[in-house]
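Residue numbering for the sequence shown follows my numbering, beginning at 2 and increasing consecutively. Every residue, glycine too, gets a C-beta built ideally from N, C-alpha and C. Some notes on the structure that comes next.
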Amino acid sequence: MPFPVTTGEGLTDRPRGRKNMGRTARAFWVCSPGQGEIREVDLPDPTPDQALVRTLYTGISRGTETMVFGGGVPVNQYEVMRAPFQEGDFPGPVKYGYLNVGEVEEGPADLVGRTVFTLYPHQDRFVAPAKMLSPVPDEVPPARAVLAGTVETAVNALWDASPMVGDRVTVVGAGMVGCCVARLLSHIPGTRVQLVDVIPERSAIADALGVDFATPDHADGDCDLVFHTSATEAGLIRSMGLLAPEGEVVELSWYGDRQVILPLGEDFHSHRLGVRASQVGMISPARRARYDHAERLALALRLLTDPAFDALLTGEDPFDDLPTVLPRLAEGSLPALCHRIAYPTP
2 MPFPVTTGEG LTDRPRGRKN MGRTARAFWV CSPGQGEIRE VDLPDPTPDQ ALVRTLYTGI
62 SRGTETMVFG GGVPVNQYEV MRAPFQEGDF PGPVKYGYLN VGEVEEGPAD LVGRTVFTLY
122 PHQDRFVAPA KMLSPVPDEV PPARAVLAGT VETAVNALWD ASPMVGDRVT VVGAGMVGCC
182 VARLLSHIPG TRVQLVDVIP ERSAIADALG VDFATPDHAD GDCDLVFHTS ATEAGLIRSM
242 GLLAPEGEVV ELSWYGDRQV ILPLGEDFHS HRLGVRASQV GMISPARRAR YDHAERLALA
302 LRLLTDPAFD ALLTGEDPFD DLPTVLPRLA EGSLPALCHR IAYPTP
């Protein structure tokens, strides 16, 4: 899905530190579609309102980042898809990513030594405005906190959909977003939640999340709500077919430059079915008066005290291997939900 370029004031501003005193960092760049490398980059000294962060982990948002890696961002979406601290332009060279957990080494006294989440690309150290760093609760392991951006997307989707006690809800697509949505839904009393995916082995993930599982051919119908996250036309069509009269599909998928045919015949009008978009770039109207972007992200981090989310962390590699990891994720030879990248300790 398009990256939320509006996830906070000034996010598209690149950090402007003081004159560089010779410090450098290492960052992953997409050189051209399908090729990436780790480059040495200059590291500015932080100004009083900035912080120097040493990265502990980054997460790979498989759908969006593999699309960027493969050069699949449509030209008319170049601005929409810009990440907050992106450098370069699509299709490349470009530094891209937005699931970063690190430790503050220099900066405001109340942040030094704290573990923070920020929307920064894959880089071992970086300087960013202190106001864009979200402290990770002590109860949340840093390795799990890489999921904060995805849980934030799920929170916004539930705000958009407003599921009720006792609803029959299905999530089509057991990827990162779908699994986070399913876990949050599982806490609503009396709700029947089913996670649907074409990969039968994802049933183990559903068990860990406390929800039912089915393949598309065996999914339960008569749903009040269906959240669609598979980013496939077949998944969207199946989602529509699972609705009860006056039910609604909440579409979270991002299709890039692909055209999708939506079946609006058959039961669509007679059953008064609905399809609505949910996208994390804007706060849901249902909560816009009470939450800003920073508060929504803080809520997502608090929700990550739930250890069930560890089921989504399905692989890890060292930072130096990232140029070979992303091609494997893009081609599907490395199956993963959230693949985590670990950075060396000092």
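In the three-state scheme derived from DSSP, where H, G and I count as helix and E and B as strand, T216 is classed as coil. F228 is bridged by DSSP to V172 and V251. Cβ contact annotation for V199 (same chain, cutoff 7 Å, sequence separation greater than five): T216 and P217, in chain order. In this structure, DSSP gives E296 a helical state, which the three-state scheme calls helix. Its Cα nearest to that of F29, the residue G60 stands out among T306, N157, L243 and G60. Bounds of the beta strand (DSSP E) holding V117 are T116 to T119. Taking all protein chains in view, the Cβ of P130 is crowded by 16 or more other Cβ atoms within 10 Å, so the residue is classified as buried. C-alpha of L335 to C-alpha of P49: approximately 42 Å in a straight line. Contact between the segment 157-168 and the segment 117-129 is absent, with fewer than three C-beta pairs closer than 8 Å. Taking a C-beta distance under 9 Å as the contact criterion, V147 and G93 do not qualify as a contact pair.
Per the DSSP secondary-structure output, H340 pairs in a beta bridge with I61 and G316. With a cutoff of 9 Å on beta-carbon distance, V197 and A220 are scored as near each other.
Take the alpha-carbon of E41 and the one of R27: they are about 5 Å apart. Residue state for I262 is assigned as coil, using DSSP reduced to three classes.
One alpha carbon belongs to S187, the other to P45, and they sit about 45 Å apart. It is roughly 9 Å from the alpha-carbon of D168 to the alpha-carbon of I189.
G93 sits in coil when the DSSP states are folded into three classes, being neither helix nor strand. Out of L253, F91, R55 and L57, the CA that lies nearest to the CA of G72 is found in F91. The beta carbon of R55 sits closer than 6 Å to the beta carbons of G103, E104, E106 and R126 from its chain, once the five residues preceding and following it are set aside; these are given in chain order.
Between G179 and the set M133, R193 and L210, the nearest pair of CA atoms involves L210. Counting C-beta pairs with one atom in each stretch, the segment 131-147 and the segment 295-303 have three or more that are closer than 8 Å, which means they touch.
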